[in-house]
Amino acid sequence: MMPPFSSDQPHTILIAASAAYDVRALARMLVHHHFDVVQVHRGDEALKAVRSGNVALALLDVALAGSASLELCPRLRQAGERPLPVFLLSAHPGEEERLRAEEAGAAAYLPLSFTPEDLAEKILLQLQVITPAPLLAGVPTMATLEVNYHTMLAGSPDAILLMQRGSNHILDVNHRTRQLFGITETELVQSDLLALCPPVQPDGQPSAQVFSSHVEQVMAGQAQLFEMTMQHSSGRAIACELRLVPLTTAEHRLMHVRVADITARKLATALRDGKNALLEMIASGAPLSDTLDKLVRLIEAQLDGGHCSVMLLNHDGLTVHNTIGPSLPQDYLQALIGLPIGPAAGSCGTAMFRKDTVIVSDILNDPLWAAYRNAAAHYGLRACWSMPILLDKDTVLGSFAMYYTDVREPTAEDRELIRTASHLAGIAIVRTRREEELQRHREHLEELVAARTVELLHAKEEAEHINEELTTALDNLSMTQEELVRRDKLAALGALVAGVAHELNTPIGNSLMMADSMAERTAALRRDLQGGLRRSVLESYLEQAASADEVMLRNLNRAAALIDSFKRIAVDGGSSPRGRFKLGDVVAELLQSVQPQLRQLDLELIEDVEHWLEMDSYPGPLAQVLSNLINNSLVHGFAQRNHQPGSITLSVHDSGNGEIAIHVSDTGAGIALENLPRIYDPFFTTRMGASSGLGLYITHNIVTGVLGGRIEAASTPGHGTSFMLRLPKVAPL
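Going by this note's numbering, the letters in the sequence shown line up with residues 119 to 851, in that order.
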């Protein structure tokens, strides 16, 4: 055994091997113990390096060691001032070659494929930089075990430990165990398994108590798969899943322990649950500061010693509005508020300015932090990467940053986490801004409503005042209207009476005049009788009496006809029977009565009637209306046609809105445009002596009164006249 290695001894590890041998992994492990690694590819170069006196140990590839006697190995051992330990590395290790290596004085004979971790541990043990674990009383060594357990564990993807039950001392581990805990095999073997755990679990229970309880259940025959928090040599917590299997030999009580690192799974579950909780907070309208604080803590729990912050940008898009970072110094965060963003404004300010992610692995030497590196150094911040929080490609809301206290580059996991955090922060910020905008709209709307309410109250008061005036005016108007209606009725009645008197005066006056004349002739005849009546005088008197009788009868018949027309003016529903009837029946009866006049005048009647249509109305007044309209065409339309062909059309259809449309038209002389407004006036006629002027007046009264409809007239002089009636299928009561 060589004497312990000291700091004043050589610190170079020489590797004599082909160029294909990769020494980088081994160099990274040895640098922590202050060793340099030098590689040569020829034997003479190796001897020269050893003679320099700086080599502490040599690794020699068997392929460069010379002939079968491996003569380069002893030459290297003796090339320096003191014997040099030499490890021979073989690409094809075998028992015969191992014996020759021992004869050549090699300190170790190892496979060339030996892992860098195992090789580094062998070197450090050889140089006594580390010491092997002491043999503990009652703890078996690998040599005393009945099975080569190390060989069995070598290929497992999980960390596997062989432990002595009762003492919890580790007897053997595989390569994955050394990787998981960052401890060499020498440090692990024959140490206590509980040394790999924190004293207390996250739930507050002592680790020893938790582990021993599971061991007891295993020994009681229960399979045990449970979770425990263990720790890396750096102090980092590792979430692990342990499976215990008891092993018993003739001499030893052992425990097989499989350890699976479930940290990533735990972190993924925590991240998923945390994201869901954040989305619920956002949906429920939680304060933005609370949401972002929870987001920062969620992401920090995913990191290995990282600190996170959220910066919010002012609405002007130029300066920092607020910062949130519960694990960062608050003085540092407060100093950032109000600072402008720009092309060299640290990681966050630059990221918001560029609208792109900014990675700064060394704050103290990066120009982006020139203006802020002293503040960062004061608080021990050495690395920072930041991602902008974007509403769209042109609108920046803020930034999410990760800080570390050592120089480092972001991992792929870090980049994915910061993308997730920025996305969630953006959702929360946008929701809050929209809520604030909505609140501003609500407040503005309330102001508008209040102002509008005042206006409406004023308008209501004014409307009420105007309404009072209108009510008064309406009352006055109503009284005035009633007075006017009364006067109009009196005037109409006066006009009607005057018309009646005028119309009756002529025939009655003629009759009276003729009666007076005959009374005088009768008196003269009596006188002649007293003196003797001549035959000629009597014959003359009789002729005059016959003529007078004819005149008087004609005028009295005329007066009787006028009186009959006057009686029809006052027709109403009370004097006419009402019932359901088919229009075809009314039209058929009407046409039968007018056919003689049509044949006499050689006129054609065109019928376009839906005979099945029914009405609940007054058939008598309806027939009178149709008769008056046809008679009007006969008297006024064709009186002077000079035997030219002509026609009258009667059309009856359902208008589809609960009304019957009746159209009566002719191809006669028509009505002058200036006379159309007066055709419904009583006694208005364009043929004095041939018409009383009451036909259309009576028709209008029946249509608008008894039948409850409307009547319209249209005419083109020289081409005919048409009347359109709109009558309800059910007449008003």
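Don't be surprised by glycine CBs; every beta carbon is placed ideally from N, CA and C.
Following the continuous beta strand (DSSP E) through residue i, name the residue where it begins and the one where it ends.
{"i": "D411", "result": "No beta strand (DSSP E) contains D411, which is instead part of the alpha helix (DSSP H) from 406-418."}
{"i": "C426", "result": "425-431"}
{"i": "S830", "result": "According to the sequence as given, residue 830 is Glu; it is not Ser. That run of the beta strand (DSSP E) goes 828-834."}
{"i": "G697", "result": "697-700"}
{"i": "T295", "result": "Element bounds for T295: not the beta strand (DSSP E) but the alpha helix (DSSP H), 293-299."}
{"i": "D512", "result": "Careful: D512 lies outside any beta strand (DSSP E) and carries neither H nor E."}
{"i": "V438", "result": "438-442"}
{"i": "T130", "result": "130-134"}
{"i": "R282", "result": "Sequence inspection shows Gln at residue 282; the Arg mentioned does not correspond to that position. 277-282 is the extent of the beta strand (DSSP E) around Q282."}
{"i": "V156", "result": "154-158"}
{"i": "A462", "result": "Note, A462: premise wrong, no beta strand (DSSP E); not H, not E."}
{"i": "D321", "result": "Per DSSP, D321 belongs to no beta strand (DSSP E) and is neither H nor E."}
Determine the contact status of residue i and residue j, defining contact as a CB-CB distance below 9 Å.
{"i": "A779", "j": "R696", "result": "no"}
{"i": "F205", "j": "I241", "result": "yes"}
{"i": "F153", "j": "I133", "result": "no"}
{"i": "G702", "j": "W730", "result": "yes"}
{"i": "L413", "j": "L396", "result": "yes"}
{"i": "G443", "j": "Y522", "result": "no"}
{"i": "A164", "j": "H129", "result": "no"}
{"i": "V333", "j": "L362", "result": "yes"}
{"i": "L535", "j": "L389", "result": "yes"}
{"i": "E235", "j": "T304", "result": "no"}
{"i": "L312", "j": "S325", "result": "yes"}
{"i": "D726", "j": "S751", "result": "no"}
{"i": "G788", "j": "G755", "result": "yes"}
{"i": "S274", "j": "I288", "result": "no"}
{"i": "R371", "j": "Q282", "result": "yes"}
{"i": "S694", "j": "V821", "result": "no"}
{"i": "M399", "j": "V377", "result": "no"}
{"i": "I481", "j": "A494", "result": "yes"}
{"i": "S735", "j": "F699", "result": "yes"}
{"i": "P211", "j": "P229", "result": "yes"}
Using DSSP's beta-bridge definition, name the partner residues of residue i.
{"i": "A501", "result": "Y522"}
{"i": "A779", "result": "H771, R844"}
{"i": "R361", "result": "L343, R376"}
{"i": "M348", "result": "I356"}
{"i": "Y97", "result": "Any property of residue 97 remains undetermined from this structure, which presents the chain solely from 119 to 851."}
{"i": "T381", "result": "DSSP lists no partner for T381."}
{"i": "M733", "result": "F699"}
{"i": "V727", "result": "V770"}
Among the candidates the options, whose CA atom is the shortest distance from the CA of residue i?
{"i": "D510", "options": "Y497, H541, M337", "result": "H541"}
{"i": "P458", "options": "Q448, I477, D524, D434", "result": "D434"}
{"i": "I545", "options": "A404, I816, Q762, S187", "result": "A404"}
{"i": "S479", "options": "L674, D524, I507, N286", "result": "D524"}
{"i": "I748", "options": "Y736, L768, D734", "result": "L768"}
{"i": "L515", "options": "S352, V548, E527, G353", "result": "V548"}
{"i": "G738", "options": "F841, S765, V704, E565", "result": "V704"}
{"i": "L416", "options": "A790, A453, M520", "result": "M520"}
{"i": "P364", "options": "P835, Q335, I356, G460", "result": "Q335"}
According to the neighbour-count rule (16 or more other Cβ atoms, all chains shown, within 10 Å of its Cβ), is residue i buried or exposed?
{"i": "S208", "result": "buried"}
{"i": "V848", "result": "exposed"}
{"i": "S179", "result": "Reading off the sequence shown, one finds Asp at residue 179, where the question assumed Ser. Burial call: buried."}
{"i": "D606", "result": "A caution first: D606 carries a pLDDT of 49, below 50, which makes its placement in the model too unreliable to give a value."}
{"i": "H559", "result": "exposed"}
{"i": "I724", "result": "exposed"}
{"i": "G284", "result": "exposed"}
{"i": "S833", "result": "buried"}
{"i": "T571", "result": "exposed"}
{"i": "V265", "result": "Per-residue confidence for V265 stands at a pLDDT of 48, beneath the threshold of 50, marking its modelled position as unreliable; the derived number appears in the next sentence. By the 10 Å Cβ count, V265 comes out exposed."}
{"i": "T387", "result": "exposed"}
{"i": "G353", "result": "exposed"}
{"i": "T550", "result": "buried"}
{"i": "G650", "result": "exposed"}
{"i": "D140", "result": "exposed"}
{"i": "G776", "result": "exposed"}
{"i": "H150", "result": "exposed"}
Starting from residue i, trace the alpha helix (DSSP H) in both directions and tell me its first and last residue.
{"i": "V333", "result": "325-337"}
{"i": "K166", "result": "161-169"}
{"i": "D236", "result": "234-244"}
{"i": "A143", "result": "142-149"}
{"i": "I816", "result": "813-819"}
Would you check whether the ligand SAH has a heavy atom nearer than 8 Å to the C-beta of residue i?
{"i": "A224", "result": "For the structure depicted, the ligand SAH is absent and the ligand set is empty, with no information on it obtainable."}
Answer with yes or no whether the minimum CB distance from residue i to chain C is below 9 Å.
{"i": "D474", "result": "The structure shown has no chain C; it contains just one protein chain."}
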